[in-house]
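Visitor:
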Amino acid sequence: MTQTVDGRARATRPPVPRLVPLTGALAVFILLCGLGIWQVQRLAWKTGLIATVEARLAAAPVPAPGPDAWPELTQAEAEYRRVTVSGRYRPESDRLVKAVTARGPGFWVMTPLDTDRGWQLLINRGFVPDSARRPQDRDLPANDVTISGLLRMSQPGGGFLRANDAAAGRWYSRDTAAMAADLGLGPVAPYFIDAEAGPDADALPIGGLTVVSFRNSHLVYAVTWFSLAALWAGWLIYLWRRGDGGRPGASQDI
39 MTQTVDGRAR ATRPPVPRLV PLTGALAVFI LLCGLGIWQV QRLAWKTGLI ATVEARLAAA
99 PVPAPGPDAW PELTQAEAEY RRVTVSGRYR PESDRLVKAV TARGPGFWVM TPLDTDRGWQ
159 LLINRGFVPD SARRPQDRDL PANDVTISGL LRMSQPGGGF LRANDAAAGR WYSRDTAAMA
219 ADLGLGPVAP YFIDAEAGPD ADALPIGGLT VVSFRNSHLV YAVTWFSLAA LWAGWLIYLW
279 RRGDGGRPGA SQDI
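Okay, structure coming up:
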């Protein structure tokens, strides 16, 4: 299309149906609002998780669940419960799992325990630094012990982009079933216990390093997305009133 301005012909763009840019603008607005609503939902979930974990940490320890309860255990129902169990560690059966803790990089020491109730589970006895990975660097009680700590569900597969390799002795997650198979054990609990800190806070392995604080920034994220949605809506209203027909970035034809 052309129109004459001061006697000169100038090309003009054909009119764009107003419904097309309006639909796209509304889709962006709905997306921003949807992201804000999702963060509100995440906020409710994270707040509930924190309250649940705090309540479980404050509760008295209970006996570790036995085989009859294993099929019903779920992460949501059981994780971070304080439990206790008695038995005897299996000698020369530690498995080291890569870890990064408040004490720096190193390993979790996972050791199977033959319980006095006739079944087996793995205990995360605590953390050792890279410089203390030899068996002689950490004591293993030879007598019966009673362990108190936090119930943690098995972590199958491995870590981020790194799979467990039992044959090479490389472990990146605390996979109880894979470790039991590597050790030639029978069925073990589908969870392990993070042992509490011992009386000597510096004795290896160091227990009680379970991270039980959870970052909760979902409110900030929700406010951010809703603010962007409001700004987007305000910008569209401004363009509409200016006469651009709701087309972001459009300019009036001369």
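With my numbering, the residue at position 174 of the sequence shown is 212, and numbering never jumps. From the three backbone atoms N, C-alpha and C, an ideal C-beta is built for every residue, glycine too. Given the structure is predicted, the values throughout are model-derived calculations rather than measurements.
Whose C-beta lies closer than 7 Å to the C-beta of Pro243 among residues of the same chain, with five residues either side of it excluded?
Guide: The residue given as residue 243 occupies position 205 in the sequence shown. So the qualifying residues of the chain are Val147, Arg163, Gly164, Phe165, Val166 and Arg176.
Visitor: Give the list of continuous beta strand (DSSP E) stretches no shorter than 3 residues that lie fully inside the stretch 208-266.
Guide: List check, beta strand (DSSP E) in window: 226-233.
Visitor: In chain order, which beta strand (DSSP E) runs of at least 3 residues are fully inside the stretch 141-184?
Guide: Here the runs fully enclosed are 142-153 and 158-167.
Visitor: Taking Cβ to Cβ, would you say Pro101 is nearer than 9 Å to Val123?
Guide: For the purposes of this step, residue 101 is identified with residue 63 of the sequence shown, where counting begins at 1. For the purposes of this step, residue 123 is identified with residue 85 of the sequence shown, where counting begins at 1. Closer than 9 Å, so yes.
Visitor: Report the partner residues of Asp12 according to the DSSP bridge assignment.
Guide: There is simply no residue 12 to check, as the chain begins at 39 and stops at 292 in what is shown.
Visitor: Relative to the C-alpha of Asp152, which residue among Thr61, Arg80, Asn181 and Ala140 is closest?
Guide: Here residue 152 is taken as the residue at index 114 of the sequence shown, counted from 1. If we check each option's Cα against that of Asp152, Asn181 comes out closest.
Visitor: In whole angstroms, what is the alpha-carbon distance linking Gly272 and Ile88?
Guide: Here residue 272 is taken as the residue at index 234 of the sequence shown, counted from 1. Here residue 88 is taken as the residue at index 50 of the sequence shown, counted from 1. If you take the alpha carbons of Gly272 and Ile88, they lie about 37 Å apart.
Visitor: Starting from Ala137, trace the beta strand (DSSP E) in both directions and tell me its first and last residue.
Guide: As a working mapping, residue 137 is identified with position 99 in the sequence shown. Segment Arg133 to Thr139, the beta strand (DSSP E) holding Ala137.
Visitor: Give the DSSP-derived three-state secondary structure of Tyr127 in the structure shown.
Guide: Position 89 of the sequence shown holds residue 127. DSSP places Tyr127 in strand when its eight states are reduced to three.
Visitor: Does the separation of the CB atoms of Arg120 and Arg155 fall below 9 Å?
Guide: On the sequence shown, position 82 is the one that residue 120 refers to. On the sequence shown, position 117 is the one that residue 155 refers to. It is not a contact, given that the beta carbons lie outside the stated cut-off.
Visitor: Which of the three DSSP states is assigned to Ile109 in this structure?
Guide: The sequence position of residue 109 within the sequence shown is 71, counting from 1. The displayed chain sequence assigns Pro, not Ile, to residue 109. Residue state, collapsed to three classes: helix.
Visitor: What number of angstroms, rounded off, separates the C-alpha of Pro143 from the C-alpha of Val183?
Guide: Walking along the sequence shown from the start, residue 143 turns up at place 105. Walking along the sequence shown from the start, residue 183 turns up at place 145. Their backbone Cα atoms lie some 28 Å apart in a straight line.
Visitor: Applying the criterion that 16 or more other CB atoms from any shown protein chain within 10 Å of the CB defines a buried residue, is Tyr276 buried or exposed?
Guide: For the purposes of this step, residue 276 is taken as residue 238 along the sequence shown, with counting starting at 1. Its Cβ having fewer than 16 others within 10 Å, Tyr276 is exposed.
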